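**Student:** For the record, in the sequence shown the residue sitting at position 55 is 55 according to full-length UniProt numbering, with numbers rising by one throughout.
For glycine and all other residues, C-beta sits at the position ideal for the given N, C-alpha and C.
The model shown is predicted, which means the values in this text are computed figures rather than measured ones.
Below is a structure I'd like to ask you about.
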Amino acid sequence: MLSSTELEFKTADVLNQDYEQYLLEGGRFPYEDFKYITNILAESNTTPLNVDKSPCTCQITGICELCDIEPSLKEIYIYKELRRKMNPDIPTLNSPNVVNPWQMNDAELVREIFLITDPTQHKYQTVGEIFPHMFGL
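Below you can see the structure in the form of structure tokens.
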């Protein structure tokens with residue numbers, strides 16, 4: 001049986017591998033935001049999600065309507081939380097291809113969320129197809 005320290009190390013190692021795979025698939029979130037999202041996904045099965053009507057809710061649902069996609073409650077919640085985290089006081093990252101969520105437009109943020117939450121990548125690809133000019137496609 002693994003000790004709690006060994007379990008934490010193993011969990012961190014798996015998360016690092018998942019993040020590396022996410023970057024290879026074209027992901028652009030910094031590690032901290034990737035970890036934040038995966039924590040929300042892991043905890044949301046036991047914690048009720050607050051997805052009340054708000055401008056953020058309308059932004060993601062509007063993009064999804066244009067793309068003929070049904071966002072999950074988790075995806076709406078993640079979008080709201082990342083938009084709520086907007087903090088221009090944190091320095092811009094110097095890593096190539098890594099972008100803070102508050103530096104992304106709405107469609108970019110939605111697409112990045114789908115890259116993490118949708119294992120089929122159908123939603124991610126659909127947003128890229130509907131808004132190709134935003135992604136250089």
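#1: Tell me which same chain residues have a C-beta within less than 6 Å of the C-beta of Thr117, skipping the five on either side of it?
#2: Counting pairs of Cβ atoms below 8 Å between the region 16-36 and the region 95-110, do you hit three or more?
#3: Hey, out of Leu82, Ile63, Cys67, Gly62, whose CA is closest to Lys35's CA?
#4: Does the distance from the C-beta atom of Tyr79 to that of Ile113 stay below 7 Å?
#5: Distance check for Gly128 and His122, CA to CA, integer angstroms please.
#6: Three-state secondary structure (DSSP) at Asp68?
#7: Just verifying my parser: in three-state terms, what is the DSSP assignment at Gln121?
#8: Between the Cα of Glu43 and those of Arg84, Tyr77, Phe131, spot the shortest distance and give me the residue it belongs to.
#9: According to DSSP, is Glu25 helix, strand or coil?
#10: Taking DSSP as the reference, what is the three-state secondary structure of residue 138?
#11: So, is Phe131 buried or exposed, given that buried needs 16 or more other C-beta atoms within 10 angstroms?
**Tutor:** Straight from the coordinates:
#1: In the sequence shown, counting from the first residue as 1, residue 117 sits at position 117. Same-chain partners within the cutoff: Glu75.
#2: yes
#3: Here residue 35 is taken as the residue at index 35 of the sequence shown, counted from 1. Of the candidates Leu82, Ile63, Cys67, Gly62, the one whose C-alpha sits nearest the C-alpha of Lys35 is Leu82.
#4: For this step, residue 79 is matched to residue 79 along the sequence shown. For this step, residue 113 is matched to residue 113 along the sequence shown. Yes, Cβ-Cβ distance for Tyr79 and Ile113 is below 7 Å.
#5: Position 122 of the sequence shown, counted from the first residue, corresponds to residue 122. Position 128 of the sequence shown, counted from the first residue, corresponds to residue 128. Cα to Cα, the separation comes out at about 10 Å.
#6: As a position in the sequence shown, residue 68 is number 68, starting the count at 1. Coil at Asp68, not helix or strand.
#7: As a position in the sequence shown, residue 121 is number 121, starting the count at 1. Of the three classes helix, strand and coil, the one that applies to Gln121 here is coil, per DSSP.
#8: Taking the first residue of the sequence shown as position 1, residue 43 is located at position 43. Here the closest residue by C-alpha is Tyr77.
#9: Position 25 of the sequence shown, counted from the start, is the residue given in the question as residue 25. Of the three classes helix, strand and coil, the one that applies to Glu25 here is coil, per DSSP.
#10: Outside the modelled stretch of the chain, which goes from 1 to 137, sits residue 138, for which no answer is possible.
#11: Reading the sequence shown from its first residue, position 131 is the one you call residue 131. Burial call: buried.
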